[in-house]
Amino acid sequence: MSKERITNASYVKWPSFEEIQEMFKEHFIITRREDGVVTVRMHCKGGPLIWSMELHDAIGKLWRMLGTDRETEMIIFTGTGNIWVTDFEAASWAPEGDDPGLTRYNHMFVDGRRMIITMIQDVEVPTLGVLSGSGGHTELALMCDLAIAADDIVVLDPHMLPGTNNVPGDGIHSCFMELMPPRFAAWYLMTGDKMYPQDLVRLGLVSEIVPREKLMDRAYEIADMLMAQNRVARRLTSQLVRRPWKKRIADDLDMAFGTEMFGMFCADELHSELLSMIKYLGLEGKIDPPLQGKIR
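Right, dumping it as structure tokens:
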């Protein structure tokens, strides 16, 4: 016979999944299957993403919220249409020009590091990055446990391109140096050279290239495969394969991010003045509408 269990305190209430959905809806469209597989899709007003300080702040908070939610069993992270990150919202980043010290500390150094740290340190379940679009900030997908990509994208790290002139010291540095052979990582960080789908597999950035029309179907096939495994083993294995990322972050991220911030002061560059990558990537007139029907 069980005895009545009386404790001196109760568990702290965590937001429900519905509350998390509502909290982040401006930045992410979030769905969850009955088995706990959560899909997170970045967006801007339902369409392709435009990079903002508000999103920069939200990403770390999202990973922490979902990563600690006990009913989340896997997270699929993707974008909208065929754009990943190509443009910065000038009005959003305008405070950097008014108070660069405060903005670069609070919204770049702190939020930028949390954006990466939380996805690695605060998430107890497997993660799948679905690199659905062209552009930069690909670490958001590539630093997931597993990663696949659409077959029609062109990606790059734009930090060192003329008109940008920023040290590639944020998460992309950690990402490329961890996944690529060092000579290739140095090349793509220092030149801003473009990478095409076949390059992503050759360089070890993703495991598969998938036709765009089958991209999310393949993501859910992978989810089904993982969800058929033992729950505890699946979760613990995600921590095991993530150990190199944890070491890379501890060794590199603070120093590299700080170097980037120092470089920005020296170069006097502002995010609100950064050029669009649409023309550079050959995407003029080729922006896809939202993939609403592919998220379930």
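My numbering puts the first residue of the sequence shown at 3, with every later residue one more than the last. Positions of the beta carbon are idealized from the N, C-alpha and C atoms, including for glycine.
Exposed unless 16 or more other CB atoms sit within 10 angstroms - verdict on Arg72 = exposed
What does Val42 pair with, by DSSP beta-bridge criteria?
-> Ile32 and Phe79.
For Ser134 and Thr88, believed in contact at Cβ under 8 Å, the rounded distance = In fact, because the Cβ distance is near 13 Å, the residues do not count as touching under 8 Å.
Please look up how many angstroms separate the CB atoms of Trp53 and Thr140, rounded, as I've assumed it's under 8 Å.
-> In fact, because the Cβ distance is near 13 Å, the residues do not count as touching under 8 Å.
Do you know offhand how far Trp16's Cα is from Pro164's?
-> 46 Å
Nearest neighbour of Lys216, chosen from Arg7, Asp154 and Arg236 [CA to CA] = Asp154
Give the DSSP bridge partners of Ile211, in chain order.
-> Ala151
For the stretch 178-233, list the beta strand (DSSP E) runs that are entirely contained and at least 3 residues long, ordered along the chain.
-> 210-212
With distances taken between CB atoms, is the gap from Leu207 to Leu144 smaller than 8 Å?
-> For the 8 Å CB-CB criterion, Leu207 and Leu144 form a contact.
Compute the distance between the beta-carbons of Glu210 and Ile150, then report whether it is under 8 Å.
-> Cβ atoms of Glu210 and Ile150: closer than 8 Å.
Taking all protein chains shown into account, decide if Val243 is buried (16 or more other Cβ within 10 angstroms of its Cβ) or exposed.
-> exposed
DSSP three-state assignment for Ile22, whether helix, strand or coil = helix
Once you ignore the five residues that flank Gly260 on each side, which residues in its own chain have a CB closer than 6 Å to its CB?
-> none
Selection from Ile118, Asn108, Phe19 and Val169 that minimises the alpha carbon distance to Thr70 | Per the Cα distances, Phe19.
Separation of Gln241 from Arg298, as counted between CA atoms = A caution first: Arg298 carries a pLDDT of 35, below 50, which makes its placement in the model unreliable, though a value can still be read off. Approximately 26 Å, taken between the alpha carbons.
Residue range of the beta strand (DSSP E) that includes Thr105 = Per DSSP, Thr105 belongs to no beta strand (DSSP E); it is in the alpha helix (DSSP H), Pro102 to Thr105.
Please go through the same chain and pick out, in chain order, the residues whose beta-carbon is closer than 7 Å to the beta-carbon of Arg66, but skip the five residues on each side of it.
-> Thr120 and Asp124
Contacts around Leu160, its chain only, beta-carbon distance under 7 Å, and the 5 residues preceding and following it disregarded = The identity of residue 160 in the sequence shown is Pro, whereas the question assumes Leu. Excluding sequence neighbours, Pro160 sits near Gly138, Thr166, Gly194 and Met279.
Euclidean distance between Cα positions of Phe30 and Asp147 = 20 Å
Distance between Gln23 and Ile32 (C-alpha atoms, nearest Å) = Distance between the alpha carbons of Ile32 and Gln23: 6 Å.
Measuring CA to CA, which of Pro102, Gly173 and Arg34 is closest to Leu255?
-> Gly173
Compare the beta carbon distance of Glu262 and Asn168 with 8 Å and say whether it is the shorter of the two.
-> Yes.
Output the residue ranges of the beta strand (DSSP E) runs that lie fully inside the stretch 124-149 and measure 3 residues or longer, sorted by chain position.
-> 129-133
When the Cα of Cys177 is compared with those of Glu126, Leu64 and Arg115, which residue comes out closest?
-> Of the candidates Glu126, Leu64 and Arg115, the residue whose Cα lies closest to the Cα of Cys177 is Arg115.
Residues near Asp290 by beta carbon distance below 7 Å, same chain, minus five either side = Cβ-Cβ distances below 7 Å link Asp290 to Gly83 and Asn84 in the same chain, with the five nearest sequence neighbours on each side left out; the list follows chain order.
Hey, Lys248 and Ile122 are a contact pair by Cβ (cut 8 Å); roughly how many whole angstroms apart?
-> 6 Å
Would you say Met229 and Val39 are within 8 Å of each other, going by their C-beta atoms?
-> yes
Rounded C-beta distance between Lys196 and Leu142? I'm assuming under 8 Å.
-> Between Leu142 and Lys196 the Cβ distance is about 18 Å, and since that is not below 8 Å, they are no contact.
Lys296 burial status per 10 Å Cβ neighbour count (16 or more: buried) | Annotation note: pLDDT 37 at Lys296 (below 50); position unreliable, coordinate value reported separately. Buried is the call here.
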